[in-house]
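Chemist:
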Amino acid sequence: DPQQALEYLAFASLLHRRIDLTDPSA
Amino acid sequence: SFLRTMGRSHGTKQVVIISKPGTEDEERRTVEAMIQSESGFFEVTTPIYEGDHVEIPDPRGGTDVRVASEVKVNDFGSSTLHHTQVKWGKAPARRVAPVRRLTFENLHPDVQKAAGDLFADGHMGSAVSEAFKSLEVRVRRLSRLDQSGSTLMSTAFNAKSPVIDVATEDGRSGQDEREGFMALFRGAMIGIR
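Protein chains in written order, with the working numbering: chain A, 1406 to 1431; chain B, 18 to 210.
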């Protein structure tokens, strides 16, 4: 189900963005 | 009064007059009125002015908002005939918050890179799996830890001695953030990947 997959990807995206806050190379 | 006399046969409703709508001085006042499709009839003492909005219960559910485009105060003749007639203008455009949809293009670049082709080809499970793998690879690289999965996340985001500190606030709130995100990162490894 693409919508559900998108929601999981959004969760992964959220965690990546949180790391961006501390990652100087981001 | 007018409404007591006329309302008996025509029926009245509780409506809300919104004066100076949309401004900081906006005021709402519930009053009784006789509502018809083209006009509303109010007691002559009711403070209603051109430009005011009137919320009327909609028989289909919810409320209907109308604009007082013309206000005629009729205070001649017998006091039971005194009333204010308000002609309705065009309803104001509904203020609808812009909808921001969740789209692939709005996701983090690392997620797009890891999952883009698979997602486009309809391999949803693999797309999600690769996205979380990209997270694990990144955490391993940044933390320089030689661990994987939930163990890696527990060490990297350990609230007491974080290798990667994701807190944005100080003190107790920051500590809660660290613990919360550690649980989220661990959960992402345990439950999803």
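Note that beta-carbon positions come from the ideal geometry of N, C-alpha and C, so glycine has one too.
Small disclaimer: the values here were computed from a predicted structure and weren't measured.
1. With 8 angstroms set as the bound, which would you pick, yes or no: does the beta-carbon of Ile209/B sit closer than that to a beta-carbon of chain A?
2. Only counting runs of 3 or more residues, tell me where the beta strand (DSSP E) segments fall wholly within the region 19-43 of chain B, in order along the chain.
3. Find the residues of chain A that neighbour Val128/B, judging by a C-beta separation of less than 9 angstroms, and give them in chain order.
4. Which one or two residues does DSSP pair with Thr101/B in a beta bridge?
5. Determine, using beta carbons only, whether Arg45/B and Val33/B come nearer to each other than 8 angstroms.
6. The region 181-192 of chain B: which residues have C-beta closer than 7 angstroms to a C-beta of chain A, in chain order?
7. Tell me which residue opens and which closes the alpha helix (DSSP H) that Pro126/B is part of.
8. Is Glu194/B helix, strand or coil when you go by DSSP?
9. Along chain A, in chain order, which residues have C-beta atoms closer than 7 angstroms to that of Val145/B?
10. When DSSP builds the beta bridges, which residues end up paired with Glu67/B?
11. Take the Cβ of Leu1426/A as the centre, count every other Cβ of all protein chains shown within 10 Å, and call the residue buried at 16 or more, exposed below.
12. Distance check for Ile73/B and Ser86/B, CA to CA, integer angstroms please.
Modeler: Judging by the given coordinates:
1. yes
2. Fully enclosed beta strand (DSSP E) runs of 3 or longer: 30-36.
3. Leu1414, Ala1415, Ala1417, Ser1418 and His1421
4. Beta-bridge partners of Thr101/B (DSSP): Phe59/B and Val90/B.
5. yes
6. For the region 181-192 of chain B, the residues whose beta carbon sits under 7 angstroms from a beta carbon of chain A are, in order, Ile181, Asp182, Val183 and Thr185.
7. Pro126 to Ala137
8. helix
9. Ala1410, Tyr1413 and Leu1414
10. DSSP, once it has assigned bridges, lists no residue as partnering Glu67/B.
11. exposed
12. 15 angstroms
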